[in-house]
Amino acid sequence: MMMPKIDFYILSENASQLPLACQLVEKAYQQNHKIYIQTENLVLAEELDQLLWTYRDNSFLPHSLVQKKLEPRPPIQIGFGPISEDHSDILINLSHDVPNFYHKFSRILEVVSSHPDHQTRARERFRFYRTEACEINTHKL
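Going by my numbering, the sequence shown opens with residue -15, and the numbers climb by one from there.
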């Protein structure tokens, strides 16, 4: 089994995860990727869902919450908790932990805020991915 490539995006002070997540989603979507966004909870999932509709006037990012079970599934899915469907493309992780289904993806984008607790949790995820022999890159923004 091939391990996913991991990119950590470390945000500058007071920057929010969600605008960067929208930028990453837009770029990946423009490159014809399927994207799954893992959030910490329903509140964050719904907040991101709303933001993707209003993110930019001239862009359309077809997405839905996984729990809505739309058919056909839009290429951008937002969820929390365990994932049910198969996936193999891009995971954007906005949760505090490594999702137990991370290995289903070829690429994982970790968006890390400057909050000290988030930094600590990100270091734990970084160490986990390293023990799994994943290729890891870090981008300080």
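Glycine included, each C-beta is placed from N, C-alpha and C at the ideal position.
Terminal residues of the alpha helix (DSSP H) in which residue i lies
i: LYS124; result: Premise fails: LYS124 lies in the beta strand (DSSP E), 119 to 124, not in any alpha helix (DSSP H).
i: LEU(-5); result: Segment: none, LEU(-5) is in no alpha helix (DSSP H) and carries neither H nor E.
i: ALA5; result: 1 to 14
Beta-carbon separation (whole angstroms), residue i vs residue j, contact threshold 8 Å
i: ALA5; j: VAL95; result: 6 Å
i: SER98; j: ASN(-2); result: 7 Å
i: PHE44; j: HIS71; result: In fact, because the Cβ distance is near 22 Å, the residues do not count as touching under 8 Å.
i: PRO58; j: PRO46; result: 4 Å
i: ALA29; j: THR38; result: 16 Å between Cβ atoms; not a contact.
i: LEU2; j: LEU125; result: Incorrect: roughly 14 Å between the Cβ atoms, too far for contact.
Residue from the options whose Cα sits closest to the Cα of residue i
i: GLN15; options: ILE60, ASP81, ILE120, TYR113; result: ILE60
i: LYS(-11); options: LEU2, LYS52, ASP81, ILE76; result: ILE76
i: MET(-13); options: LEU35, ARG105, ILE92, HIS102; result: ILE92
i: GLU31; options: ALA117, ILE67, GLY63; result: GLY63
i: LEU36; options: PRO100, ASP81, LEU8; result: LEU8
i: TYR(-7); options: ASP41, PHE112, ARG107, ALA117; result: ARG107
i: SER0; options: LEU78, LEU54, PHE110; result: LEU78
Length-filtered (3 minimum) beta strand (DSSP E) runs lying within the segment 16 to 99
Counting only runs of 3 or more, we get 19 to 23, 47 to 49, 60 to 64, 74 to 77, 91 to 96.
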